[in-house]
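First up is the structure itself, then whatever we jot down about it.
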Amino acid sequence: MKKIEVAFVGNPNVGKSTIINNIAKTSLKVGNWPGVTVRKTEASLVYKDYEFHIIDLPGTYSLDYTSEDVAVTTDFLLNSPPDIIVNIIEATNLERSLILTAELIELKIPMVIVLNMWDEALKLGIDINIKKMSELIGVDVISAIGTKEDLKDRLLESLINTYEKKIVPKPLRYSDITEKAINDILSYCAVPPNKNIPPRFFAIKMLERIIPCDCCNEIILKLENDLKENIYDILKKDVYGVAHFISSSVVKRSFKDEIELTEILDKFALHPFFGLLIFVVIMYLMFKLSFDVSYPISNWIGNFESSFLHPLVYKLFPEAPYIVKSFVSGAVLDGVGFVVSFAPLVGALFFGLSLLELSGYLPRVPIIFDRFVSKFGIDGRGILPFMLGFGCNVPAIMALKILEDRRSKLIVAAMIPFTSCPARFVVFAFLGAIFFKNPAPIILFLYLLGIFFSILTAIAMNKILPKTDNLPMILELPPYRRPPLKIVLNIAFVELKGFLKRAGTFIFASTVVVWAFLNIPPNANIKDTVAGRIGNALVYVFKPIGIEDWRATTSLVPAFLAREIIISSMGAIYSASTKEDYSNFNIDEAFKEQMMSLEQAIKNTALSFVSPGFSNVFTQESNTSFITREIRKSLSPYGALSFMVFVLLYTSCIATVSILKSEFGTKFAVLFLLYSFVLGWAVAFLIYRVSMVLHVF
Amino acid sequence: MRLAEATQDKELKIKGYVVKGHNENPGWKRKLISMGIVPGATVKILRKDDRNTILKVYNSRISICNCLADKVEVE
Ligand SMILES: Nc1nc2c(ncn2[C@@H]2O[C@H](COP(=O)(O)OP(=O)(O)OP(=O)(O)O)[C@@H](O)[C@H]2O)c(=O)[nH]1
Ligand SMILES: [Mg+2]
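The listed protein sequences derive, respectively, from chains A and B.
Residue numbers for the first sequence follow the working numbering, beginning at 1 and rising by one.
Residue numbers for the second sequence follow the working numbering, beginning at 1 and rising by one.
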């Protein structure tokens, strides 16, 4: 079998990852905004006698080193050139896309051009002569709609043909005067040797002053003098000339200069006042969708596990050794089971987030907030990774690559860990429902508190870090697009699968350790077990903030790995510390009861779609198993609030800490962890005391 | 073909970059150029205030915030 390595290269947001997902059946991250892919990502597939190794690269406008993600693409192409480059071009924006193509042509690597977004081009009345374009450039040109099934065969056949015949683009010719300068550099200056890339490419980069070259100075100065222009402008004009020439030769456009829908929508979405209003409404809908709608089902699953499956174990296997029963009910059902019960919530949250990303609304948010965030030393672009933090802090920190300077990166990196990710969300939902009649306002308060402290942290960072020049923010705004339902569902499904997998592996393993600590030494009084001792020691630390029960403090220990573990270990700990009598448990009756409450849960879900508020589901009785009763007894509502505040602010997530470490160094990560611990404790203390004095509950 | 000739017939053009912009910060100008905002490109202004300008360059909407007004002039 022959192996072909194919790299997908193109401007940002042209559909590279979408096409790879389509042909290789992968689930690479896609979104309707520039800068989704920030790392080189790989996929493979077998077709006929060929094994394709496909590489997705961050989108780029040129082969420079202007920002980190551009450098990823440039470095890759120069250092390990693929067998074929697939240059994805936005058919609606041919002329501008061809600027990059012109640079790629100089690499002399076999190439296939894909004109993606063909559907949008048709709508705009843009007609491209594909045959002529293919003749001009000398390679295959394919029209495409990124998500359509038929693309796979056409693209792969063309790749095989290009590979077998080694079809490279025709050489480019710039204006005579530039060509002479390039040839002069080739004859008189030492071009870096590279067996894969033709010397001419490096000569052009030396002429552009991107590769330093003392020997070129004279040639450059002469050219600048002759044309009375800066060398960069001269070369770019040549490249633009090429792009314009190709595009004007192949594009036939029945140009309707109509105002597009996007422009109308943007009149509101980017308006200083309406924009903010729209933002608030959208956030409300997101919150409503991910929380209110999915909550009844989540709650039901949790209840089913603790009030039905748990007693069932004891009822069906009365003779089984206690240790086995306690493992199954404590670690598996009440532990991991509780975490799993939040799957509908997580699925709904990602469904909402991917709607935001795929519609193209997300990149508008930076513009609305640019003025505001500039007060603390970042530009609006910082909002993008920050918003992604509500999905998961880890990819959000990776997305900092779209910022250009290290100072802004550090500021936003310090903001992200305070955004409420789904892990926090499930802890809030879990405890909120146990302690408060209507937890929605409490959860909203916690979200806002997180945002408040990210801003405060940013202000502090802005004061501490040495000042640098403010760069202008340049951002491309994609047209609004209808999010393809299939892709949105797929993203939600993939995230959900990831969540369940985590629950089944990592969180399960941690819960088993907690459970084991609860049983060492065996048959001891629970307070004398290892877990009991640790928890009791920690009570000293957490007593001032209202967490006085050793079971609650113990659950915080394994939570430094991930916050969801709080729930699973609480399940395990409280279930181990309480002995319930199940002799009266009637399987048939209990099952009937469960089915009735499922019916009610489904009704509530349906109801919450039509009711504007959050309250209707929360006035329903929440999980009433003995474990939740025990949890309710062990903390006061004030203590529970303070517990949630601490969980919100303290970075108890090993994945976040390690990504901070790998991106910004150990010192930053450790300092930040300490800072978040102290901040979390102090704020929890304050809120605990103040809320008690004010008698808010 | 030089670009200046190629774009003669189009309505709006970026006139040029005010010195402050590119002398102080060549990286910034480079970025604009690589995104298609070159002297001579076809441009439509969609929105402009003291801080924020959104241009339509070719078919893309490009937003430039933070002190654009004195840097790119459109004729
Ligand atoms: N209408 C239309 N939309 C498309 C097509 N192909 C992709 N899209 C949409 O274009 C957007 C960008 O897709 P991505 O695959 O994330 O783009 P990318 O090139 O990988 O972007 P970066 O990783 O940011 O460089 C998504 O919203 C896709 O749904 C197409 O053929 N037609
Ligand atoms: Mg991508």
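Virtual Cβ for every residue (Gly too), placed ideally from N, Cα, C.
Mapping the DSSP letters down to three states, classify residue i as helix, strand or coil.
i, result
"E218(A)", "helix"
"V14(A)", "coil"
"V696(A)", "coil"
"V6(A)", "strand"
"Y61(A)", "coil"
"M473(A)", "strand"
"T262(A)", "helix"
"I109(A)", "coil"
"I211(A)", "coil"
"Y86(A)", "Looking at the sequence provided, one finds Val at residue 86(A) rather than Tyr. If DSSP states are grouped into helix, strand and coil, V86(A) belongs with the strands."
"Y698(A)", "Examination of residue 698(A) is not possible in this model, given that chain A is present from 1 through 697 alone."
"Y232(A)", "helix"
"R253(A)", "strand"
"K437(A)", "coil"
"R371(A)", "helix"
"K579(A)", "coil"
"I204(A)", "helix"
"K237(A)", "helix"
"S454(A)", "helix"
"V633(A)", "According to the sequence displayed, residue 633(A) carries Lys and not Val. Reduced to three states, the DSSP call for K633(A) is helix."
"N616(A)", "Confidence in N616(A) is poor, its pLDDT being 45 and thus under 50, which makes the residue's placement too unreliable to answer from."
"L496(A)", "helix"
"K29(A)", "coil"
"I520(A)", "coil"
"I487(A)", "helix"
"L46(B)", "strand"
"S625(A)", "coil"
"R563(A)", "coil"
"S652(A)", "coil"
"S63(B)", "strand"
"F351(A)", "helix"
"A320(A)", "coil"
"S80(A)", "coil"
"Y17(B)", "Because the pLDDT at Y17(B) is just 43, under 50, the model does not fix this residue reliably, and the point stays unresolved."
"V657(A)", "helix"
"V38(A)", "coil"
Quick one: give me the first and last residue of the beta strand (DSSP E) that residue i is part of.
i, result
"H53(A)", "50–56"
"V57(B)", "52–57"
"V46(A)", "41–47"
Tell me the residue span of the alpha helix (DSSP H) that contains residue i.
i, result
"E599(A)", "587–610"
"I416(A)", "Neither: I416(A) is in no alpha helix (DSSP H) and is coded neither H nor E."
"V645(A)", "637–649"
"S420(A)", "Unbroken run through S420(A): none, as it is neither H nor E."
"G532(A)", "530–542"
"H310(A)", "310–316"
"R551(A)", "550–556"
"V340(A)", "337–340"
"P395(A)", "393–398"
"A91(A)", "Run containing A91(A): none; DSSP gives neither H nor E here."
"Y301(A)", "In the sequence under discussion, the amino acid at residue 301(A) is Ile, which differs from the Tyr named in the question. Looking at the DSSP string, the run of the alpha helix (DSSP H) that includes I301(A) is 295–303."
"F279(A)", "274–287"
"F291(A)", "It is not in any alpha helix (DSSP H) - F291(A) carries neither H nor E in the DSSP assignment."
Ordered list of alpha helix (DSSP H) runs contained in the stretch 114–200 of chain A, each at least 4 residues: 118–123, 130–137, 151–165, 176–188
Between the stretch 561–571 of chain A and the stretch 505–512 of chain A, do three or more beta carbon pairs fall short of 8 angstroms? yes
The stretch 466–485 of chain A touching the stretch 258–268 of chain A, judged by at least three CB pairs closer than 8 angstroms: yes
Does the stretch 288–308 of chain A come within contact of the stretch 388–402 of chain A, defined as at least 3 CB pairs closer than 8 angstroms? no
Do the stretch 635–645 of chain A and the stretch 545–553 of chain A touch if we need at least three Cβ pairs shorter than 8 angstroms? yes
Quick check: the stretch 436–449 of chain A against the stretch 362–381 of chain A, are there 3 or more CB pairs under 8 angstroms? no
Check whether the stretch 646–663 of chain A and the stretch 549–562 of chain A touch, using three or more Cβ-Cβ pairs below 8 angstroms as the test. yes
State whether the stretch 398–409 of chain A contacts the stretch 369–387 of chain A, with contact taken as three or more CB pairs (one from each stretch) at a distance under 8 angstroms. yes
Determine, using beta-carbon pairs with one atom in the stretch 144–155 of chain A and one in the stretch 171–179 of chain A, whether at least three such pairs fall under 8 angstroms. no
Indicate whether the contact test is met: 3 or more Cβ pairs, each with one atom in the stretch 404–417 of chain A and one in the stretch 41–56 of chain A, closer than 8 angstroms. no
Between the stretch 284–301 of chain A and the stretch 339–348 of chain A, do at least 3 Cβ pairs fall closer than 8 angstroms? yes
Report yes or no: do the stretch 41–57 of chain B and the stretch 75–90 of chain A share at least 3 C-beta pairs separated by less than 8 angstroms? no
Taking contact to mean 3 or more Cβ pairs, one atom from each stretch, closer than 8 angstroms, check whether the stretch 318–335 of chain A and the stretch 515–532 of chain A are in contact. yes
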